[in-house]
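Q:
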Amino acid sequence: MNDCIFCKIAKKEIPSFIINESKNFLAFLDINPRTKGHVLVIPKKHCTNLTDFPSSLAKELIDFSKETANKILKTVKTTDFNFSINNGKFSGQEVFHAHFHIIPRFKDDKLAQWPKSPSSNELLKKLAEEIKQK
Ligand code: AMP
Numbered sequence: 070m071n072d073c074i075f076c077k078i079a080k081k082e083i084p085s086f087i088i089n090e091s092k093n094f095l096a097f098l099d100i101n102p103r104t105k106g107h108v109l110v111i112p113k114k115h116c117t118n119l120t121d122f123p124s125s126l127a128k129e130l131i132d133f134s135k136e137t138a139n140k141i142l143k144t145v146k147t148t149d150f151n152f153s154i155n156n157g158k159f160s161g162q163e164v165f166h167a168h169f170h171i172i173p174r175f176k177d178d179k180l181a182q183w184p185k186s187p188s189s190n191e192l193l194k195k196l197a198e199e200i201k202q203k
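Throughout the sequence shown, residue numbering follows my numbering, covering 70 to 203 in sequence.
(1) Given a threshold of 16 other Cβ atoms within 10 Å of its Cβ, counted over all protein chains shown, does A131 qualify as buried or as exposed?
(2) Determine the DSSP secondary structure at N89, reduced to helix, strand or coil.
(3) I88 and A79 look like a contact to me (Cβ under 8 Å); what is the Cβ gap, rounded to whole Å?
(4) Under 8 Å: do the region 175-185 and the region 115-131 share three or more Cβ pairs, one atom per stretch?
(5) On the DSSP letters alone, give me the boundaries of the alpha helix (DSSP H) that F75 sits inside.
(6) Decide if G157 is buried, meaning its Cβ has at least 16 other Cβ atoms within 10 Å, or exposed.
(7) Measuring alpha carbon to alpha carbon, tell me which of P184, H115, I141, F165 ends up nearest G106.
(8) Report back the beta-carbon spacing between T170 and I111 to the nearest angstrom; my notes put them in contact at under 8 Å.
(9) Keeping to the same chain, check which residues put their C-beta closer than 7 Å to that of L119; ignore five residues upstream and five downstream.
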């Protein structure tokens, strides 16, 4: 896509801090890192998010992300990380070219956790039944 910033990064038309590359994926440092070593993994070919991400690339995505995460973890000297995608505006997606966040986590890093709210078995059972039927 012509006006997509991550397509431009994928085509190396604009600068980025690339740390790893495979046939179909690129990994580069997030310019507003949540923690040291925060990296984005993108498919080189444009898609919006997980909804239209080609399943045929799933294995390469996982292999590439694991390899990339290992390099990051060795560098920033930790063992844990979040691997996530914001899928759509309400989830916090700001760039509409699919990207998977690798966010290294450190003991007491104070990065906010998602709040947990208790539910009841009755509500969970009803919801599970509804979802299964779709
Ligand atoms: P999201 O909220 O999931 O859409 O995340 C978009 C991410 O892209 C944010 O963490 C931004 O800091 C990051 N970002 C935006 N533009 C650039 C860029 N040119 N290079 C690297 N990271 C970027």
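Note that CB positions come from ideal geometry on N, CA and C, so glycine has one too. All values reported here derive from a predicted model rather than from experimental measurement.
A: With the structure as the only source:
(1) The residue asked about is misnamed: residue 131 is Ile in this sequence, not Ala. Exposed, by the Cβ-count rule.
(2) strand
(3) Not a contact, Cβ separation roughly 14 Å.
(4) no
(5) 74-79
(6) exposed
(7) I141
(8) Note that residue 170 is His in the sequence shown, not Thr. Not really, about 11 Å apart at Cβ, beyond 8 Å.
(9) I154, N156, A167
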